[in-house]
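Chains as they are written, first to last, in our numbering: chain A, 1 to 680; chain B, 1001 to 1680. All C-beta atoms, glycine included, are put in the ideal place defined by N, C-alpha and C. Owing to the predicted nature of the structure, the values given are computational and were not obtained by experimental measurement.
There are 2 protein chains.
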Amino acid sequence: MADADLQPKKSKKAVKAKSPESEALLLALAENRVAIEGVEPEIDGGRFAVKRVVGEPLTVEADIFCDGHDEIDAALIYGPADVDPSKWSETSFEFVENDRWAATVTFDRPGPYRYSIIAWRDLYATWRDEAKKKRDAGKLTDLELIEARELVTKAAGSGRGSKADQRGLAKLGERLEKLAEKGDADGQYALMQSDEAVSLLHAGGVRTNLSRYPGNVPVWVDRERAAFSAWYEIFPRSQSGDVNRHGTFDDVIARLPDIQKMGFDVLYFPPIHPIGSTNKKGKNNSLTPAQEDPGSPYAIGSKDGGHDALHPELGSFDDFARLIEEAGKHGLEIAIDFAIQCSPDHPWIKEHPEWFDWRPDGTIKFAENPPKKYEDIVNVHFYRGALPSIWYELRDIVLFWLNKGVRIFRVDNPHTKPFPFWEWMIAEVRKVDPGAIFLAEAFTRPKVMKRLGKVGYNQSYSYFTWRNAKWELAEYLTELTTEECADYMRPNFFVNTPDINPLYLQTSGRPGFRTRLALAAGLAGNYGVYSGFELCEFLPVPGKEEYLNSEKYEIRAFDWHAEGNIRDDIAFFNRLRNDEAAMRDFRSLAFFNFWNDQVLYFGKRTKDLSSYLLFMVNLDPHHDQGGHFEVPLWEFGLPDDGTIRATDILGGDTLTWTGKVQHWWLNPQDRPYAVFKLTR
Amino acid sequence: MADADLQPKKSKKAVKAKSPESEALLLALAENRVAIEGVEPEIDGGRFAVKRVVGEPLTVEADIFCDGHDEIDAALIYGPADVDPSKWSETSFEFVENDRWAATVTFDRPGPYRYSIIAWRDLYATWRDEAKKKRDAGKLTDLELIEARELVTKAAGSGRGSKADQRGLAKLGERLEKLAEKGDADGQYALMQSDEAVSLLHAGGVRTNLSRYPGNVPVWVDRERAAFSAWYEIFPRSQSGDVNRHGTFDDVIARLPDIQKMGFDVLYFPPIHPIGSTNKKGKNNSLTPAQEDPGSPYAIGSKDGGHDALHPELGSFDDFARLIEEAGKHGLEIAIDFAIQCSPDHPWIKEHPEWFDWRPDGTIKFAENPPKKYEDIVNVHFYRGALPSIWYELRDIVLFWLNKGVRIFRVDNPHTKPFPFWEWMIAEVRKVDPGAIFLAEAFTRPKVMKRLGKVGYNQSYSYFTWRNAKWELAEYLTELTTEECADYMRPNFFVNTPDINPLYLQTSGRPGFRTRLALAAGLAGNYGVYSGFELCEFLPVPGKEEYLNSEKYEIRAFDWHAEGNIRDDIAFFNRLRNDEAAMRDFRSLAFFNFWNDQVLYFGKRTKDLSSYLLFMVNLDPHHDQGGHFEVPLWEFGLPDDGTIRATDILGGDTLTWTGKVQHWWLNPQDRPYAVFKLTR
């Protein structure tokens, strides 16, 4: 009861003089009597935002404690970043253990939010606890009851809680007074310990030594597609079905029903801008192109325009608008490439020579990403004469396409452009559309990759493409789903890209394609397929992880329903992802024991277990693999010899598993994966 | 070479309009192109200071990286907290691995410091790297050499480095020009790759995109005794040698030579203030004292004065001054108790009733620390009417004793007083004496204990007293020496205290006392002994971890050289601690394998291995224990079958150990510990 201040006294002796700065420090420190520390998640001390999507729980944990032995309480306060903290919402913290507390909130609209924590000494809870102990020991006196009435009187006058709470507290006080007048100590005690009193004093009780975490921790809330999406990548110019005819947006429109059948939700195009002719690349990246070779779409810019123009052979802006609209009708959002680089023919080179690095001989150095060379490309720079003008120009290009209906951007090589540029540009675009999504194509060092997530990228290409063994998949996924990066970096598991024809797929045959699909679509929130994968295309440039006859340098034509395609597998996984809520929570991933190093066995689930999936994937494309595995009965509160129903979702059978250890077998030719849904 | 800006160009097209706030954000972000993150050590984002002592290395690590592929460099900048950062010192970071860099500094005076990190793109290093690759491929051209000369010209005009560096750079430029005039490409290349050029451009080269970590991380530097001390605790009133005569400061002075022989460096007294008579405690904490009982010294305050007075029977302030001086001559610093609590007779109660919690019946609640009750004590509070006056009063009491020559304060129960008070008070005292040392007596929850270290305590009582098993000692010490808390919390391992008569010692006999001494003195930087321990005093209040006939409630007399004392062991360890530099670095502690769960086996060392000690301690006071153990030959770069010399410091023999596995035996009666010094 140390702060009830029932009997305030006056000093009878003057205190000593003191300096103003010493007093200012004293008062500032005294404000925060309750310690609030170890706050998670908070990225780099609040320098960067924690990421969530609409509806996804944010659980905040903190160490919260005070000197002495009194009870404390705490609340999470949060609100949109542009709303004054005094008007934020509040939700209670719950004690976990060892001075650790936790609170969970969700956000229902995309945009920037912030949160903080308040904590206080809860004198009423302390009273309840001490009074009970004293009463149990037969030592409760009138003093404690007087103190209780005082607590209620102060709460009634605190201004906290609703009007009903204030009225309720006033009435509670009156009832206590009446009981006191009657000398009914038991009655007062019982009333002060009642649920009603607990509820009223929680709502309106004075918050003694109210302390506040100094940080206002930023949270960025995305629309769900930022964390849960299935991408399909095509070169529009290869969609005519005829290698001799440049594809058009109308050709893409004609392909939409067929793509829709596979169940993707994002349709992504490499650059669709005019292509330069200087140092144009020929087939297979040759430096000796034929006249009719289309060149690499990454050599952006020609007399027909630059990053805000369309390649004339693809169609007009009207065609493009129609494509966006038609794609939407087929459940597909269009994503385009944002590749900040220029063909030597790009209009910028004449209009903005200050954006380029001119060498003493009057040339501009072409792009390199050792050992790769890009003779048809020059890079801009971002500082000196280019600061800030190119920052604006690039932002405005993104805004231009946003205005054309594109809300998803796959960004080429972002790690070779300054982090501050991305942080600023993405923030600027989000002011216009908080639903804009940026995918970072940065196959680079781990910390660089993570930094791009911190500065704002919604999704990131990952190392998945090169993780094939069971142990490395488990290790990598455990990092991605459980370490701090899970709060700011969302991987997108591409099974292949125009730049990456994985070694594994070059030798795995069709079973390996199904295996990698099952891994990407089953493990990740975001995953992607570059077209041709469904046809098990694998021919490499010999000795390299590149595709022979790459679409980057020539127009291709494919029979999208060729024998041996795995469209059914793709459709199955995309349907599963849409039907089962478990698939939407990347972080619910858990690995379980399967006693075979060639079988990856993992689960995904909703918190309430209403959607609980188990996946088994045979990593060996050449041999049958199987063995015993552990059914996570414990997650359902079942004993090791318990019984659970497992529906083989593909096979359709419903099995009954009794006991924790079961066995299964996966034939790569037949079906290299299995998916079970568990129900009690 | 992206920033050499050799051929600046002007824009030929206007850039778009933009908002001032957008531009401000752009420019602010652009300032820090190089990412600097993951900075360690930094406590709670710089909210609290990292602790070091004079001469102790501070190694700062950080992830430092930039976009693109250019070389970067970084420096640690640091200086006294009151010096403007522009005038700080600078030391180079070295690359470690995976974008991690490290730099080490030491501080030569106690006080507050700060550090930060700067990093930049190193165009010269990039040039060196690229030019070498091109030359090796036979592709170095005049362009690269022109760029090199430009780098030197800019460095010569940068204003960085000494005047000699600037002159050297100017000359380097001239030599390059001359070589260029002669068309000597090889000569220019060789000169630009020379050590001379590396050194000059390191000193004077332009720091492109100079970026700065935003934090100025606080570091508190103590004098060495804060981290390395051996405490001996006595009740001055028990130093007369006669239970019927109250000891005096002069009696303590007479004891100094004998205490000095044991080699301690801090002599600590429980409160030496006037003791109240209201509710005075009798022998063995009874509530029925005899007239002549002295009362607990923790019941501070009587008509003779309060916290700034001396208990009259101990002596005068002149006597106390003499004691401080004499103690100094015997290598002992005096530490006193700072116990913020009052006997009901304390003058404050009348002078400052606003500092106490008055109950409705006009009484003040007495102190409790359930289940312990302190009927002779009332507590002050720190808020409401006591804010800020009691804060000043308490600060001034510490300053009062500082003025009397006391620089070390053992603080009683700091966890029941507000953290902000400690943070403010300790900061205030340090302004007067940066060598003041505060030891927190807080046997409480782990996070509370750690918080006291964060807010400024130099030393902390620890859980050592209750860690007896091998696994729990290893686990606890590993936490203390390797986790983040090692940067702000320094444990003081007391083997016993007037409040704690450990169960282990109640049944261990003399061997157990020697074991616990070896553990405390061998493991910790700071350790302490409450007198009586050296006599193997163990009689408990039955069933409790308290001493029977505790000095807290009565005057005792001891025969300090009684048969069976372990003064020689104490003297040995204190001598070892002073002689061997390894003992001064608590964090150099490492545990090694001894294949016996009753033998704790650990090492301490200096970085250069010139002081390398191995300790073996038999934890079982009743049986011989021994077995095979691993000699850490690898730390000396020796193979598993290598040979090393081991001096048995107590026995005096020098052994030759060949091979990693050796064996040893410890007889608890003979000597339950062994200490070896390894030399190649």
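Reduced DSSP secondary structure (H/G/I, E/B, other) of A/W665: Stepping through the first sequence from its first residue, residue 665 of chain A is reached at position 665. Residue state, collapsed to three classes: strand.
Chain A within 8 Å of B/V1378, Cβ atoms only: Residue mapping note: residue 1378 of chain B aligns to position 378 of the second sequence, counting from 1. Answer no: the Cβ-Cβ gap between B/V1378 and chain A never drops below 8 Å.
B/N1574 - containing alpha helix (DSSP H), residue span: Looking up residue 1574 of chain B in the second sequence gives position 574. Where B/N1574 is concerned, the enclosing alpha helix (DSSP H) stretches over R1567 to D1579.
Spatial distance of A/M449 from A/E150 (CA atoms): Stepping through the first sequence from its first residue, residue 449 of chain A is reached at position 449. Stepping through the first sequence from its first residue, residue 150 of chain A is reached at position 150. Answer to the nearest angstrom: the Cα atoms are 58 Å apart.
The stretch 332-345 of chain A touching the stretch 283-303 of chain A, judged by at least three CB pairs closer than 8 Å: yes
Beta-carbon separation (whole angstroms), A/S296 vs A/Y553, contact threshold 8 Å: Along the first sequence, one-based indexing puts residue 296 of chain A at 296. Along the first sequence, one-based indexing puts residue 553 of chain A at 553. The pair is a contact, with the Cβ atoms about 6 Å apart (cut-off 8 Å).
Endpoints, the beta strand (DSSP E) within which B/P1218 is located: Within the second sequence, residue 1218 of chain B is the residue found at index 218, counting from 1. Residues V1217 to D1222.
Minimum C-alpha distance to A/L123 - residue among A/N209, A/A646 and A/A180: Position 123 of the first sequence, counted from the first residue, corresponds to residue 123 of chain A. For the residues A/N209, A/A646 and A/A180, the minimum Cα distance to A/L123 belongs to A/N209.
Segment limits, alpha helix (DSSP H) that includes A/R681: Nothing about residue 681 of chain A can be read from this structure; chain A reaches only from 1 to 680.
Backbone CA spacing between B/A1197 and B/V1105 [nearest angstrom]: In the second sequence, the residue the question calls residue 1197 of chain B occupies position 197. In the second sequence, the residue the question calls residue 1105 of chain B occupies position 105. Whole-angstrom Cα-Cα distance: 26 Å.
Residue span of the beta strand (DSSP E) that contains A/N403, given as start and end: Here the question's residue 403 of chain A lines up with position 403 in the first sequence. That residue, A/N403, is in no beta strand (DSSP E); its alpha helix (DSSP H) goes S389 to N403.
A/A440 to A/A156 span [Cα, whole Å]: Along the first sequence, one-based indexing puts residue 440 of chain A at 440. Along the first sequence, one-based indexing puts residue 156 of chain A at 156. Distance between the alpha carbons of A/A440 and A/A156: 55 Å.
Close Cβ partners of A/K154 (< 6 Å) along its chain, the five nearest in sequence each way excluded: Within the first sequence, the letter at position 154 stands for residue 154 of chain A. Here the set comprises V206.
Rounded C-alpha distance that separates B/D1003 from B/D1136: By 1-based counting over the second sequence, the position of residue 1003 of chain B is 3. By 1-based counting over the second sequence, the position of residue 1136 of chain B is 136. The predicted position of B/D1003 is uncertain, since its pLDDT is 47 and thus under 50; no value can be drawn from it.
Beta strand (DSSP E) segment containing A/L638, residue limits: On the first sequence, residue 638 of chain A is found 638 positions in, with the first residue counted as 1. Neither: A/L638 is in no beta strand (DSSP E) and is coded neither H nor E.
Cβ shell of A/M583 (< 7 Å), same chain only, five flanking positions each side left out: Along the first sequence, read from residue 1 onward, the residue named residue 583 of chain A stands at position 583. Cβ neighbours of A/M583 beyond the five flanking positions: L576, R577 and K604.
In DSSP terms, what B/W1101 is bridged to: As a working note, residue 1101 of chain B is residue 101 in the second sequence. DSSP, once it has assigned bridges, lists B/A1062 and B/F1095 as partnering B/W1101.
Reference A/I72, options A/I118, A/T478 and A/P41, closest by Cα: Sequence index remark: in the first sequence, residue 72 of chain A carries index 72 (1-based). Considering only alpha carbons, the answer is A/I118.
Beta carbon proximity, A/A440 to chain B, threshold 8 Å: Within the first sequence, residue 440 of chain A is the residue found at index 440, counting from 1. Between A/A440 and chain B, the shortest Cβ-Cβ separation is not below 8 Å.
Per-residue burial, B/T1444 [other beta carbons within 10 Å of its own, 16 or more giving buried]: In the second sequence, residue 1444 of chain B corresponds to position 444, counting from 1. With 16 or more Cβ atoms within 10 Å of its Cβ, B/T1444 is classed as buried.
Buried versus exposed, by CB contacts within 10 Å (16 or more), A/Q669: In the first sequence, residue 669 of chain A corresponds to position 669, counting from 1. Per the 10 Å Cβ criterion, exposed.
Proximity below 8 Å, CB of A/L332 to CB of A/Q260: Along the first sequence, one-based indexing puts residue 332 of chain A at 332. Along the first sequence, one-based indexing puts residue 260 of chain A at 260. Against a cut-off of 8 Å, the Cβ pair of A/Q260 and A/L332 comes out as a contact.
8 Å Cβ cutoff, A/P418 in contact with chain B: Here the question's residue 418 of chain A lines up with position 418 in the first sequence. So yes, A/P418 belongs to the interface.
DSSP-derived helix/strand/coil call for B/D1265: Within the second sequence, residue 1265 of chain B is the residue found at index 265, counting from 1. It is coil, neither helix nor strand.
Closer than 8 Å to chain A by CB, B/A1081: As a working mapping, residue 1081 of chain B is identified with position 81 in the second sequence. No, because no Cβ of chain A sits closer than 8 Å to the Cβ of B/A1081.
Closer than 8 Å to chain B by CB, A/W127: Start at 1 with the first residue of the first sequence, and residue 127 of chain A comes out as number 127. Contact of A/W127 with chain B is not assigned, every C-beta pair being separated by 8 Å or more.
7 Å CB neighbourhood of B/V1411 in its chain, flanking five on each side removed: Along the second sequence, one-based indexing puts residue 1411 of chain B at 411. Hits under 7 Å: F1338, F1438, L1439, A1440 and E1441.
Interface residues of the stretch 1018-1029 of chain B facing chain A [CB-CB below 9 Å]: K1018, S1022, E1023, L1025, L1026, L1027, A1028 and L1029
Cβ of B/L1387 within 8 Å of any chain A Cβ: Taking the second sequence and counting its residues from 1, one reaches residue 1387 of chain B at position 387. Yes, B/L1387 counts as interfacial toward chain A.
Burial state of B/T1478, where buried means 16 or more other Cβ atoms lie within 10 Å: Looking up residue 1478 of chain B in the second sequence gives position 478. Exposed, by the Cβ-count rule.
Chain B contact residues for A/K447, given Cβ-Cβ distances below 9 Å: Here the question's residue 447 of chain A lines up with position 447 in the first sequence. What A/K447 touches in chain B: A1035, E1037, G1038, D1063, F1065, N1098, D1099 and R1100.
Three CB pairs or more closer than 8 Å across the stretch 1386-1396 of chain B and the stretch 1350-1365 of chain B: yes
Minimum C-alpha distance to A/K55 - residue among A/D585, A/K281, A/H663 and A/D648: One-based indexing of the first sequence puts residue 55 of chain A at position 55. Correcting the residue identity first, residue 55 of chain A is Gly in this sequence and not Lys. The shortest C-alpha separation from A/G55 is found at A/D585.
B/L1006 versus A/G362: straight-line alpha-carbon distance, rounded: Position 6 of the second sequence, counted from the start, is the residue given in the question as residue 1006 of chain B. Position 362 of the first sequence, counted from the start, is the residue given in the question as residue 362 of chain A. With a pLDDT of only 47 at B/L1006, under the threshold of 50, the placement of this residue in the model should not be trusted, and no figure is reported.
Between the CA atoms of B/A1062 and B/Y1601 - distance to the nearest angstrom: Translated into positions along the second sequence, residue 1601 of chain B becomes position 601. Translated into positions along the second sequence, residue 1062 of chain B becomes position 62. Answer to the nearest angstrom: the Cα atoms are 33 Å apart.
Partner residues on chain A for B/E1071, Cβ-Cβ distance less than 9 Å: Counting from one through the second sequence, the residue named residue 1071 of chain B turns up at place 71. Within chain A, no residue has its beta carbon less than 9 Å from that of B/E1071; the closest one is some 14 Å off.
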